[in-house]
Amino acid sequence: MSGAALGLEIVFVFFLALFLLHRYGDFKKQHRLVIIATLLAWYLCFLIVFILPLDVSTTIYNRCKLAVNSSPAEGNGSYITLAPSKQKCFKPWSYIPDGIMPIFWRVVYWTSQFLTWILLPFMQSYARSGGFSITGKIKTALIENAIYYGTYLLIFGAFLIYVAVNPNFNLQWNQLQTIGIAAANTWGLFLLVLLLGYGLVEIPRSHWNGAKRGYLLMKTYFKAAKLMTEKADAEENLEDIMEEVRKVSESIKYNHPLRKCVDTILKKCPTEYQERMGRNMDDYEDFDERQNSYPSEKSLAKLHKQVIYSVQRHRRTQVQWQILLEQAFYLEDVAKNESSATRQFVHTFHSQEPENKIIQYFYTPTVEWYWECLLRPWFYRVLAVVLATFSVIVVWSECTFFSTKPVLSLFAVFIQLAEKTYNYIYIEMACFLTIFFLSICVYSTVFRIRVFNYYYLASHHQTDAYSLLFSGMLFCRLTPPLCLNFLGLTHMDATISHKKTQPTAYTSIMGSMRVLSFIADGFYIYYPMLVVILCIATYFSLGTRCLNLLGFQQFMGDSEMTSDLIDEGKELIRREKRKRQRQEEGENRRREWKERYGNRDDSARSRAVHTDQKESSFSETSANRPLSKYTRSNGRTERDRIELLQDAEPLDFNADSVNDDPLESDSGR
1 MSGAALGLEI VFVFFLALFL LHRYGDFKKQ HRLVIIATLL AWYLCFLIVF ILPLDVSTTI
61 YNRCKLAVNS SPAEGNGSYI TLAPSKQKCF KPWSYIPDGI MPIFWRVVYW TSQFLTWILL
121 PFMQSYARSG GFSITGKIKT ALIENAIYYG TYLLIFGAFL IYVAVNPNFN LQWNQLQTIG
181 IAAANTWGLF LLVLLLGYGL VEIPRSHWNG AKRGYLLMKT YFKAAKLMTE KADAEENLED
241 IMEEVRKVSE SIKYNHPLRK CVDTILKKCP TEYQERMGRN MDDYEDFDER QNSYPSEKSL
301 AKLHKQVIYS VQRHRRTQVQ WQILLEQAFY LEDVAKNESS ATRQFVHTFH SQEPENKIIQ
361 YFYTPTVEWY WECLLRPWFY RVLAVVLATF SVIVVWSECT FFSTKPVLSL FAVFIQLAEK
421 TYNYIYIEMA CFLTIFFLSI CVYSTVFRIR VFNYYYLASH HQTDAYSLLF SGMLFCRLTP
481 PLCLNFLGLT HMDATISHKK TQPTAYTSIM GSMRVLSFIA DGFYIYYPML VVILCIATYF
541 SLGTRCLNLL GFQQFMGDSE MTSDLIDEGK ELIRREKRKR QRQEEGENRR REWKERYGNR
601 DDSARSRAVH TDQKESSFSE TSANRPLSKY TRSNGRTERD RIELLQDAEP LDFNADSVND
661 DPLESDSGR
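See below:
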């Protein structure tokens, strides 16, 4: 079992990252390199979170072995003795042999840093580029990242010059490496505390509000009004861009050198616009004889970039509108079924997607009514209380984890109590729940935040390549300081505990932060206390109120603008509901008509087929008879037909009427 736990977690985390990426990305339409890079970034970050508890339990076991093999004089020597020399150390079930974890952490950490600082920023610029060739996209990406990379190189070069000139500094390569790691972790910790302060309050509050049916329905109406505005804006923007594409397509004909670029742009347009533009295209035309001003390749690249963005935004708003309609209809059904006497959940509309038969067998209308109308609100309330308790413990520990005598951090108290009895399963579960809750608070904020339309993680395969790559960058920059913060909360980091104990394998690759004492003893200890202020600001919705004052409509119960948007969204949902009902009524009428008269049509069709079969069989039997007996008669009939055709007089179509009697014409017809 020494390597089985590590192998199982590696496989499990891979499929977890693949599942989340499939939910937000689109494997069919997006570039493979974008999918692979984002998957690798998410996978490495999730892997660090899941493997770190195993590193903690292995480190505690190694400390026990070191204490048993140390000198009888406890407290003397290079390491502090944690147990008597006669005590036996029990190997944990998930023990990882020596030498594996340092190599593993080194590969994972430096790969993630290469992704977040070099590869992913370059791929972001490459994905947003409107170039028509790989060389053009690479050139655009290099130009856009020149300032980004040049700033870091300038800072690093100035630091190296300062170290080389100053005789008081005698830094080696390991110390320079530690300084680089400390700089990256400092930037990550600065962003980590901001996201953590929001998540610690918003996650419990969102689950508590999830138990309020009226609250969720009003918020859905509010979202519907905002999304309809965004949807109309996206449609208008797409129309404007398609009009520009039409003008460019009409001006640049087939024999123009830039026609290939125009064809590339047309392939990115929706199908209905492609057909419309294809009908308006003329044939070959010599462009050299005309004195027209043609767009340059640079302007076409800019137009290509706008087309990609507008089409992606239009498709995303369309999908989100349909999903929001389903949510609103379902919440209205829940509100109606709460007063149901039959205690069976009745849907207004049937699900458009086929449901699983196993789910239909167990999740019956009665079970659905009890869950949605009775159990689910209480479950969300209990879960919100549990999450709020965790949040309070995290805030308390963030403010007191620097205190070692006495130990005030509750997470450190739990780990030290389990360390005395060497209950490795409890240690791993406590570590996993702690770092998992911290990760949920941070990562969920990354999934929720939206920077206008530049960064937005939309579910149901509607996230663009730029946002996916940007999320991978954020995960790779936030995960290392998150893990260091977790080790500080549990006093597994020697920098925090001020003990000469054996460090974890993860801490050992980070190097000793004593090289930069003002960071190790100052910023890492006192900056996390800022989470208290951020939690208070989030609790009173100060950020939401500021955005509302700036003109960005946010959901606030005491705002007049919010009530107006709720009424507008309610009317939009009512209108879409009537439209959906008319469609279903029409489908039901057509189905009833088919069931009522479909049998008659089928019987008539079968009789017609039976008659045709008889005629064909009769003709076949006639053809199989000897032809010599009917040769003369057939020839006479053919001569009679020719004579009749010759004697027939031509009709006069210039006359007033071909036939005076309409009844005869009808009978003839």
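Position one of the sequence shown corresponds to residue 1 (full-length UniProt numbering), numbered consecutively onward.
For each residue, glycine too, the CB sits at the ideal point set by N, CA and C.
Next on the checklist: Quick check on this structure: which residue in Ala232, Glu250, His347, Val367 has the alpha carbon closest to the alpha carbon of Ser310?
Outcome noted: As a position in the sequence shown, residue 310 is number 310, starting the count at 1. Checked all of Ala232, Glu250, His347, Val367; the closest Cα to Ser310 is Ala232.
Next on the checklist: Can you give me the C-alpha to C-alpha distance between Phe411 and Tyr95, rounded to a whole angstrom?
Outcome noted: In the sequence shown, residue 411 corresponds to position 411, counting from 1. In the sequence shown, residue 95 corresponds to position 95, counting from 1. Between Phe411 and Tyr95, the C-alpha separation is close to 22 angstroms.
Item to check | Tyr221 (DSSP reduced to helix, strand or coil) | outcome: As a working mapping, residue 221 is identified with position 221 in the sequence shown. Per DSSP, reduced to three states, the secondary structure at Tyr221 is helical.
Checklist entry - Between Pro377 and the ligand GDP, is the CB less than 6 angstroms from at least one heavy atom? => result Questions concerning the ligand GDP fall outside what the structure shown contains, since it holds no ligand whatsoever.
Next on the checklist: Contact defined as beta carbons within less than 8 angstroms: I believe Ala37 pairs with Leu469. What is the distance between those atoms, to the nearest angstrom?
Outcome noted: Within the sequence shown, the letter at position 37 stands for residue 37. Within the sequence shown, the letter at position 469 stands for residue 469. Approximately 7 angstroms separates the beta-carbon atoms of Ala37 and Leu469; this is inside 8 angstroms, confirming the contact.
Checklist entry - What's the call for Asp564, buried or exposed, on a 16-neighbour Cβ count within 10 Å? => result What you label residue 564 is simply residue 564 of the sequence shown in a count that begins at 1. Looking at its Cβ environment, which holds fewer than 16 other Cβ atoms inside 10 Å, Asp564 is exposed.
Item to check | Environment of Val11 [buried if 16+ CB atoms lie within 10 Å] | outcome: As a working mapping, residue 11 is identified with position 11 in the sequence shown. By the C-beta density criterion, Val11 is exposed, having fewer than 16 other C-beta atoms within 10 angstroms.
Next on the checklist: With a threshold of 8 angstroms, are at least 3 pairs of Cβ atoms found where one atom belongs to the segment 465-483 and the other to the segment 428-442?
Outcome noted: Yes: at least three Cβ pairs fall under 8 angstroms.
Item to check | 6 angstroms Cβ shell around Arg313 - same chain, five flanking residues per side excluded | outcome: Taking the sequence shown and counting its residues from 1, one reaches residue 313 at position 313. If we look at Arg313 and ignore the five residues flanking it on each side, its Cβ neighbours are Ala234.
Next on the checklist: So Tyr198 and Thr434 are supposed to be a Cβ contact under 8 angstroms. How far apart are they, rounded?
Outcome noted: Reading the sequence shown from its first residue, position 198 is the one you call residue 198. Reading the sequence shown from its first residue, position 434 is the one you call residue 434. Beta-carbon to beta-carbon, Tyr198 and Thr434 are separated by about 19 angstroms, too far to satisfy the 8 angstroms threshold.
Checklist entry - Starting from Met529 and walking both ways along the alpha helix (DSSP H), at which residues does that stretch end? => result The sequence position of residue 529 within the sequence shown is 529, counting from 1. Neither: Met529 is in no alpha helix (DSSP H) and is coded neither H nor E.
Next on the checklist: Closest to Tyr273 by C-alpha separation, out of Leu300, Glu244, Ala5, would be which residue?
Outcome noted: Position 273 of the sequence shown holds residue 273. The shortest CA-to-CA distance from Tyr273 to any of Leu300, Glu244, Ala5 is the one to Glu244.
Item to check | Cα-Cα separation between Gln124 and Thr151, rounded to whole angstroms | outcome: Locating residue 124 in the sequence shown gives position 124, where the first residue counts as 1. Locating residue 151 in the sequence shown gives position 151, where the first residue counts as 1. Each residue's alpha carbon lies about 18 angstroms from the other.
Checklist entry - By the 10 Å Cβ neighbour count, where 16 or more other Cβ atoms means buried, how is Glu297 classified, buried or exposed? => result Working through the sequence shown from its first residue, we reach residue 297 at position 297. By the 10 Å Cβ count, Glu297 comes out exposed.
Item to check | Expected contact under 8 angstroms - CB spacing of Gln93 and Tyr424 to nearest Å | outcome: Position 93 of the sequence shown, counted from the start, is the residue given in the question as residue 93. Position 424 of the sequence shown, counted from the start, is the residue given in the question as residue 424. This sequence places Trp at residue 93; Gln is not what is there. Approximately 7 angstroms separates the beta-carbon atoms of Trp93 and Tyr424; this is inside 8 angstroms, confirming the contact.
Checklist entry - Could you check where the alpha helix (DSSP H) with Gly131 kicks off and where it finishes? => result Here residue 131 is taken as the residue at index 131 of the sequence shown, counted from 1. Gly131 -> no alpha helix (DSSP H), and no H or E assigned at all.
Checklist entry - Among the residues of its own chain, which have a CB less than 6 angstroms from the CB of Tyr380, if the five just before and after it don't count? => result For the purposes of this step, residue 380 is taken as residue 380 along the sequence shown, with counting starting at 1. Here the set comprises His207, Gly210, Ala211.
Checklist entry - If you draw a straight line from the alpha carbon of Cys373 to that of Leu530, how long is it in whole angstroms? => result Within the sequence shown, the letter at position 373 stands for residue 373. Within the sequence shown, the letter at position 530 stands for residue 530. As the crow flies, the alpha-carbon of Cys373 is around 40 angstroms from that of Leu530.
Next on the checklist: Taking the beta carbon of Gln322 as the centre, do at least 16 other beta carbons fall within 10 Å, making it buried, or is it exposed?
Outcome noted: Numbered from its first residue, the sequence shown carries residue 322 at position 322. A residue is called buried once 16 or more other Cβ atoms fall within 10 Å of its Cβ, and Gln322, having fewer, is exposed.
Item to check | Extent of the continuous alpha helix (DSSP H) to which Ile496 belongs | outcome: On the sequence shown, residue 496 is found 496 positions in, with the first residue counted as 1. Segment 494-497, the alpha helix (DSSP H) holding Ile496.
Checklist entry - If you check the beta carbons only, do Leu489 and Ser409 fall under 7 angstroms apart? => result Locating residue 489 in the sequence shown gives position 489, where the first residue counts as 1. Locating residue 409 in the sequence shown gives position 409, where the first residue counts as 1. The Cβ atoms of Leu489 and Ser409 lie closer than 7 angstroms to each other.
Checklist entry - Taking one C-beta from the segment 108-124 and one from the segment 33-53 each time, how about it: are there three or more such pairs within less than 8 angstroms? => result The answer is yes - the segment 33-53 touches the segment 108-124, with three or more Cβ pairs under 8 angstroms.
Checklist entry - Looking at C-alpha atoms only, which residue of Val385, Lys570, Ile265 is the closest neighbour of Ala301? => result To locate residue 301, count along the sequence shown from 1; it is residue 301. For the residues Val385, Lys570, Ile265, the minimum Cα distance to Ala301 belongs to Ile265.
Next on the checklist: On a Cα-Cα basis, can you pick out the residue from Arg246, Arg315, Asn145 that is closest to Leu227?
Outcome noted: To locate residue 227, count along the sequence shown from 1; it is residue 227. Ranking the options by Cα distance to Leu227, first place goes to Arg315.
Item to check | Per-residue DSSP class, three states only, for Arg213 | outcome: As a working mapping, residue 213 is identified with position 213 in the sequence shown. In the structure shown, Arg213 sits in a helix (DSSP, three-state: H, G or I).
Checklist entry - Skipping 5 residues on each side, what residues in its chain have a beta carbon closer than 6 angstroms to that of Leu115? => result Position 115 of the sequence shown, counted from the start, is the residue given in the question as residue 115. Answer for Leu115: Ala41, Cys476, listed in chain order.
Checklist entry - Taking Cβ positions, are Phe555 and Lys260 nearer each other than 7 angstroms? => result Within the sequence shown, numbered from 1, the residue matching residue 555 stands at position 555. Within the sequence shown, numbered from 1, the residue matching residue 260 stands at position 260. For Phe555 and Lys260, no; Cβs fall outside 7 angstroms.
Item to check | Three-way DSSP call (helix, strand, coil) for Val407 in this model | outcome: Counted from its first residue, the sequence shown places residue 407 at position 407. If DSSP states are grouped into helix, strand and coil, Val407 belongs with coil.
Item to check | Beta-carbon spacing of Ala335, Gly569 below 7 angstroms | outcome: For the purposes of this step, residue 335 is taken as the residue at position 335 of the sequence shown. For the purposes of this step, residue 569 is taken as the residue at position 569 of the sequence shown. In this structure, the beta-carbon distance from Ala335 to Gly569 does not fall below 7 angstroms.
Checklist entry - Cα-Cα, which of Leu200, Phe432, Cys546 is closest to Val386? => result Translated into the one-based positions of the sequence shown, residue 386 becomes position 386. Among Leu200, Phe432, Cys546, the Cα nearest to that of Val386 belongs to Leu200.
Checklist entry - Taking C-alpha atoms, which residue in Tyr149, Tyr363, Ile415, Phe159 lies nearest to His491? => result Numbered from 1 along the sequence shown, position 491 holds the residue referred to as residue 491. His491 has its Cα closest to that of Ile415, out of Tyr149, Tyr363, Ile415, Phe159.
Checklist entry - Is the beta carbon of His347 less than 7 angstroms from the beta carbon of Asp333? => result For the purposes of this step, residue 347 is identified with residue 347 of the sequence shown, where counting begins at 1. For the purposes of this step, residue 333 is identified with residue 333 of the sequence shown, where counting begins at 1. At the C-beta level, His347 and Asp333 come within 7 angstroms of one another.
Item to check | Sequence-distant residues of the same chain with beta carbon closer than 8 angstroms to Phe653, five excluded per side | outcome: Indexing the sequence shown from 1 puts residue 653 at position 653. Low confidence applies here, because Phe653 scores a pLDDT of 39, under 50, leaving its location unreliable and the question unanswered by this model.
Checklist entry - What's the call for Gly25, buried or exposed, on a 16-neighbour Cβ count within 10 Å? => result As a working mapping, residue 25 is identified with position 25 in the sequence shown. Gly25 is buried by the Cβ-count criterion.
Checklist entry - Are the CB atoms of Leu478 and Leu192 nearer to each other than 7 angstroms? => result In the sequence shown, the residue the question calls residue 478 occupies position 478. In the sequence shown, the residue the question calls residue 192 occupies position 192. Yes, Cβ-Cβ distance for Leu478 and Leu192 is below 7 angstroms.
Checklist entry - Per DSSP, what kind of secondary structure is Tyr454 in: helix, strand or coil? => result Position 454 of the sequence shown, counted from the start, is the residue given in the question as residue 454. Shown here, Tyr454 sits in coil according to DSSP, grouped into three states, outside any helix or strand.
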